[in-house]
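Visitor: Input: one structure, supplied below.
Numbering (my numbering), first residue to last: 869 to 1132.
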């Protein structure tokens, strides 16, 4: 059931930190808990039935243990697969999901050529195709699935070397020229990808709008919390991060500290 605990952010790895960062700007006094299911990373390669079962089981434990005030599923793959099941199973917990930002892309495009850069799981999902049918039926939407980008984003964020030659093949299919028009918006449909956005801008064949949904997700969290959001400082333990692998890596601890988190 819904509790008075922290706002819980969930992702398979470090990508959800892009959403947590935006939420911290808008909710400076809210206690936060970041949960990374890094033991299952990258989740886009899991069989869907097994992954859904894992996510649902994991949240049974997380909600029972932490009594979150709200839960942000900061992962397109996890939410499009298991979001409905989680809401049905925990009806008293407000869930904020992450879905590909196809509707705002369709509203913003000038050329009508949109690409959705995602994990293979998100590309396969019926949920994604239903968003296109509902909000972008007048656009040409290209779905581009990358097996490697989430892992490359993790490497980049941890300070490991990621070359342009590694990145370019993963994004090149996003760029389409058709009838004298060019792709003008690329939807970043994985929360890991915004960490690479500046690299993408530099190596892209032409300028496009790289659409990051993190701010919109954070605004939705504010709406969901409503009057229940903390409006002044209170005494609470430091914001924490939990990794399902149990890692105590010093580099990860330093990285999380930059986001105001202590690794449990």
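We put the CB at the ideal spot given by N, CA and C, even for glycine.
It should be emphasised that the depicted structure is a prediction, and the values quoted were computed from it without experimental measurement.
Out of curiosity, what's the CA-to-CA distance linking residue 1083 and residue 1073?
Guide: 26 Å
Visitor: Would the region 930 to 942 and the region 962 to 981 be scored as touching if the rule is three or more Cβ pairs under 8 Å?
Guide: yes
Visitor: Whole angstroms are fine: how far does the CA of residue 1102 sit from the CA of residue 983?
Guide: 44 Å
Visitor: I think residue 872 touches residue 935, with their Cβ atoms under 8 Å apart; what is that distance to the nearest whole Å?
Guide: 7 Å
Visitor: Count the CB pairs spanning the region 1022 to 1041 and the region 1063 to 1073 that are closer than 8 Å, and state whether there are at least three.
Guide: yes
Visitor: Going by C-alpha to C-alpha distance, which of 1126, 1119, 1114 sits closest to residue 1132?
Guide: Closest by alpha carbon: 1114.
Visitor: DSSP state of residue 1008, grouped into three classes?
Guide: Three-state DSSP puts residue 1008 in a strand.
Visitor: When the Cα atoms are used, what is the spatial distance from residue 923 to residue 1110?
Guide: Approximately 15 Å between the Cα atoms of the pair.
Visitor: Can the beta-carbon of residue 995 be found closer than 8 Å to that of residue 948?
Guide: yes
Visitor: Would you kindly check if the distance between the Cβ of residue 895 and the Cβ of residue 1057 is under 8 Å?
Guide: no
Visitor: Locate the beta strand (DSSP E) running through residue 1108, then write down its first and last residues.
Guide: 1108 to 1111
Visitor: With a 10 Å radius around its C-beta and 16 neighbouring C-beta atoms as the bar for buried, classify residue 1071 as buried or exposed.
Guide: Residue 1071 should be labelled exposed.
Visitor: How big is the Cα-Cα spacing for residue 1055 and residue 921?
Guide: So the alpha carbons of these two residues sit roughly 28 Å apart.
Visitor: Would DSSP call residue 983 helix, strand or coil?
Guide: strand
Visitor: Grouping DSSP H, G and I as helix and E and B as strand, with all else coil, what is residue 1013?
Guide: strand
Visitor: Closer than 6 Å by C-beta to residue 881: which residues in its own chain qualify, once you throw out the five before and the five after it? Chain order, please.
Guide: 904, 906, 909, 1022
Visitor: Looking at the secondary structure, which residues open and close the alpha helix (DSSP H) in which residue 929 lies?
Guide: Membership of residue 929 in the alpha helix (DSSP H) is indicated by the continuous run 916 to 934.
Visitor: From residue 869 to residue 961, what distance separates their C-alpha atoms?
Guide: Any reading at residue 869 needs caution, since the residue's pLDDT is 44, under 50, leaving its predicted position unreliable; the model's value is listed next. Looking at the two C-alpha atoms, the distance is approximately 6 Å.
Visitor: Where does residue 1061 land, buried or exposed, given buried means 16+ other C-beta within 10 angstroms?
Guide: buried
Visitor: Contact check, residue 900 vs residue 877 under 8 Å by CB: the rounded distance?
Guide: 7 Å
Visitor: Between the beta-carbon of residue 1011 and the beta-carbon of residue 1035, is there less than 8 Å?
Guide: no
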